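Report on one structure; see the data block that follows.
Number of protein chains: 2
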Amino acid sequence: MRANLAASGAAAPPVTVKLIVEGEEESGSEHFAALLRRERDRLACDVIVISDTTMWAADVPSMCTGMRGLLPVGVTLTGPVRDLHSGSFGGGVPNPLHAMAALLAGLHDEQERVTLPRFYDRVLPLSDTERDLIAKLPFDEKQWLAEAGESGAAHGEQGFSTLERIWARPTAEINGMWGGHTGPGNKTIIPRAAHAKISFRLVADQDPADVAAAFREYVAAWTPDGLTAEITVLPAVRPCPSPIDSVAVQAGRRAMQRAFGREVLFTKEGGSGPEADLAEILDAPLVFIAVGLDSDRIHAPNESADISLLLRGAETSAYLWDELAAADLR
Amino acid sequence: MRANLAASGAAAPPVTVKLIVEGEEESGSEHFAALLRRERDRLACDVIVISDTTMWAADVPSMCTGMRGLLPVGVTLTGPVRDLHSGSFGGGVPNPLHAMAALLAGLHDEQERVTLPRFYDRVLPLSDTERDLIAKLPFDEKQWLAEAGESGAAHGEQGFSTLERIWARPTAEINGMWGGHTGPGNKTIIPRAAHAKISFRLVADQDPADVAAAFREYVAAWTPDGLTAEITVLPAVRPCPSPIDSVAVQAGRRAMQRAFGREVLFTKEGGSGPEADLAEILDAPLVFIAVGLDSDRIHAPNESADISLLLRGAETSAYLWDELAAADLR
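Read top to bottom, the protein sequences are chains A and B. Start counting the first sequence at 5; every next residue gets the next number (the working numbering). Start counting the second sequence at 5; every next residue gets the next number (the working numbering).
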């Protein structure tokens, strides 16, 4: 648990604070889960407070209420023993590029929903409250699209706003695909293989292992006779929720509202850290309280922090211990 | 016109023979059409006889009755100004790889027919006679699939045999596609562009310019808002027919049957030569008479020719002049 330990004026906080510093996150947290399991008893707690997210803006205090997980996979479809001349074979044998295009195109239906079997079975729906709070954020879609270099409209799963799509809904994204002749001019071949890299963004309570199994089924169903499929599953990150109606999150929100003197809103983040391990192994709810901004340029040259926000964060922490002590966390 | 000029015993053939040697074919025949146009009057003729194809087998004499044309195209779909992080934008903006996969998958319908507008409008259907004659060829599909390295079944447009598919039906074949992260591991990006190279095999009377226009329409219809498409059209080859029921082809067949002493069957070929220019500019029917075999290894080390077949070819030519003289070519 990384937390700002600001004295609240009293000699000691009204709750027991245990501090854990995760120093391995930027290199994949390879040993973190094992450490948590080994030290589970020492780390036992009622709430996990994490300070590794950002606020919407300096004048829009907010808490993160969930991080999407990530399942990266690769797939290769192989057909002929070598590239074939399309004059002799074209139209008569399956082309791995055609099969791959169909497989990739089939990942979404007409509502831009992901078509993997059982994909949405464990997706927690957005509550009306969450949707209302997301809608309250001063989101400038045009500005956001301009950052993406898009001149056209936003695009995604039907029935959801842009922020809902990128925060609270699972996705399937093709990150790369290749096969056949990619150089200048023309080469009339049926290539021997087609490749793609895909990543699934997952939301609570989707389990990467379930989605990987569903992807294997999906690929098997989309591999025509005469081609063989090979699948790679890379290390996954589980999604992790921090529900806005949890007692712990409500306590955190009150603390932050006291420090900032205005309504605290909610965001979600892409997420790639070990937060899901913390929640699962320590079996306690997550509360994200942090006062960084996207403009702090984390990990980039000239990284910075706003001192006045840091002080508000310290104040929030001081209130938080009181709020948590007063809350019924059981 | 490349032809074997064998004396038939008489002092002079009963028809006027004009000989044209095309020495530029292997480098794309860049100047051939202009030459034909310039010398059209000198080259005026009733029949064009070409010796540039192969027979089915040494013991299965056959004539080629058509060559497929070829239209190679390229398409690039471009979206964001740079690769975007899929954690921040995934699910909210169009991904060029998705759009490309859909565009490529959409090229065929469930019957494996090409979905370009008007694509089949000018396709000459196979006659029952042609289908019967193709079915007579001793084609071993298993052996052919083994050459392609395929363990599974043949695959292609429904309602047609493998030979019909590769000889007499137009196709759309993806020859290459690429975009995004193609290296090791995973990179959770929405890439800025997706690329594909496609070639259309065309049959008479499809016009490459019509198909290129239809492809532009098709791509425009499949390019979602927020992406832009760029199309490249490479030099095309028109398809060229030599209908089996034409008087000239029938005369050629009789000549070949006299020389070989058995029924002459019909094949078609992929084709990439300037035959269509000859037929169009000289406005005369094509007759393909040649006695090469695939096993001659043309253009490869140890290229060879079977002397006994060469002599049969010479004999065929001698009979051909008589048959053409006796035929009503008008």
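Every residue, glycine too, gets a C-beta built ideally from N, C-alpha and C. The structure presented is a predicted model; accordingly, all values stated were derived computationally and were not measured.
Under the three-state reduction of DSSP, Trp182(A) is assigned to strand. For Ala322(A), the enclosing alpha helix (DSSP H) stretches over residues Ile311 to Ala330.
Nearest to Phe219(A) by alpha-carbon distance, out of Asp144(A), Ser55(A), Asp298(A) and Ala176(A), is Ala176(A). For Arg242(B), the closest Cβ of chain A is not nearer than 8 Å.
When the five nearest sequence neighbours on each side are left out, the beta carbons in the same chain lying within less than 8 Å of the beta carbon of Thr227(A) are those of Leu81, Ala103, Leu107 and Ala233, in order along the chain.
Proximity to Ala309(B) across Val291(B), Ile285(B), Leu297(B) and Arg266(B) peaks at Leu297(B), based on C-alpha coordinates. When DSSP states are grouped into helix, strand and coil, Thr82(B) belongs to the strand group. Listed in chain order, the non-local C-beta contacts of Val215(B) below 6 Å within the same chain comprise Leu75 and Phe204, local neighbours out to five positions each way being set aside.
Any Cβ of chain A closer than 8 Å to the Cβ of Arg135(B) would place that residue at the interface, and such an atom is absent.
Scanning Ile194(A), Asp211(A) and Trp60(A) for the CA closest to the CA of Leu137(A) turns up Trp60(A). Here Lys201(A) carries a strand assignment [DSSP, helix/strand/coil].
Leu315(B) and Gly73(B) have their alpha carbons spaced roughly 31 Å apart.
When 7 Å is used as the limit between beta carbons, Ala152(A) is near these residues of chain B: Pro84, Leu88, Phe93 and Val97, in chain order. Within the same chain, Leu141, Pro142 and Leu269 come within 8 Å of Val64(A) by CB-CB distance, once the 5 residues on both sides are set aside.
Within the same chain, Cβ atoms closer than 8 Å to the Cβ of Leu40(A) are found at Leu47, Asp281, Leu282, Ile285 and Leu286, the five residues on either side in sequence being excluded. Val25(A) sits exposed, since fewer than 16 C-beta atoms from the chains shown fall within 10 Å of its C-beta.
Contacts between Thr192(B) and chain A, judged by CB atoms closer than 9 Å, involve Leu74, Pro76, Glu177, Asn179, Ser203, Arg205, Gly274 and Ser276 in chain order.
Listed along the chain, the chain B residues whose CB falls inside 8 Å of the CB of Gly183(A) are Gly180, Met181 and Trp182.
Inside the segment 111 to 191 of chain B, DSSP marks whole beta strand (DSSP E) runs of 3 or more residues at positions 175 to 184, from first to last along the chain. Judged by beta-carbon spacing, Pro247(A) lies within the 8 Å limit of Thr69(A), meaning their Cβ atoms are closer than that value. When Leu23(A), Lys22(A), Thr20(A) and Glu29(A) are compared, the shortest CA-CA separation from Pro278(A) is found for Glu29(A).
Taking C-beta atoms under 8 Å as the contact rule, Ala259(A) and Glu327(A) qualify, at a distance of about 5 Å. Between Ile170(A) and Gly96(B), the CB-CB gap stays under 8 Å. The residue among Val207(B), Ser131(B), Ala288(B) and Pro100(B) with its C-alpha nearest the C-alpha of Ala172(B) is Val207(B). Leu313(A) is not a Cβ neighbour of Cys244(A), given a cutoff of 8 Å.
Interface annotation, Asp229(A): in contact with chain B, CB-CB separation under 8 Å. Residue contact check for Glu34(A) against chain B: no CB pair falls below 8 Å. Residue pairing by DSSP puts Gly73(A) in a beta bridge opposite Leu206(A). Straight through space, the alpha carbons of Pro98(A) and Leu101(B) are spaced by roughly 21 Å.
Out of Val51(B), Ala38(B), Gly32(B) and Leu23(B), the CA that lies nearest to the CA of Arg334(B) is found in Val51(B). Taking the Cα positions, Ala213(A) is about 43 Å away from Gly91(A).
Glu273(A) carries a strand assignment under DSSP once its states are collapsed to helix, strand and coil.
Counting of Cβ neighbours within 10 angstroms places Lys272(A) among the buried residues, the total reaching 16 or more.
Here DSSP, grouped into helix, strand and coil, assigns Glu279(A) to helix. Each residue's CA atom was taken as its position, placing Ala330(A) and Val253(A) some 13 Å apart. Near chain B, meaning a CB-to-CB distance below 8 Å, no residue of the segment 41 to 67 of chain A qualifies.
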